[in-house]
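Novice: Heads up: the sequence shown runs through residues 545 to 625, numbered per our numbering.
Submitted below is the structure of interest, expressed as structure tokens.
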Amino acid sequence: MSPPGAPEPSEEVTLIGEDGRERTFRLHDAFDLEGATYYLVEGADNPSEVLLLREVDGGLETVEDDEFQRVMSALEQDSVE
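Structural data, given as structure tokens:
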């Protein structure tokens, strides 16, 4: 189940990168973990491009490194809301 107000899984979303370029992604999952909302997306034109995003102050930021591993592990173990 997606957090309230989140796009539905498989919905396409357009994100604007730091370079100002628009890119389209498909939403795979939206979930809450430890008080944060995360979105797992794949590139609409390149499904091998997968990003994990965290909602921060009304925007989104890419999750990387240790936090990426921790969140993906929780998702795989179905320990998310």
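The C-beta atom is built at its ideal place from N, Cα and C for all residues, glycine as well.
Under the assumption that E593 contacts R570 (Cβ atoms under 8 Å), give the Cβ distance between them as a whole number of angstroms.
Specialist: About 11 Å; that fails the 8 Å criterion.
Novice: In three-state DSSP terms, what is R598?
Specialist: Looking at R598 - three-state DSSP - the assignment turns out to be strand.
Novice: From L604, F612, Q621, pick the residue whose C-alpha is nearest to that of V557; which is it?
Specialist: Per the Cα distances, L604.
Novice: Starting from the Cα of M616, find the closest Cα among I560, L559, E555, Y582 and give me that residue.
Specialist: It is Y582.
Novice: For the alpha helix (DSSP H) containing E611, name the first residue and the last one.
Specialist: 609–620 is the extent of the alpha helix (DSSP H) around E611.
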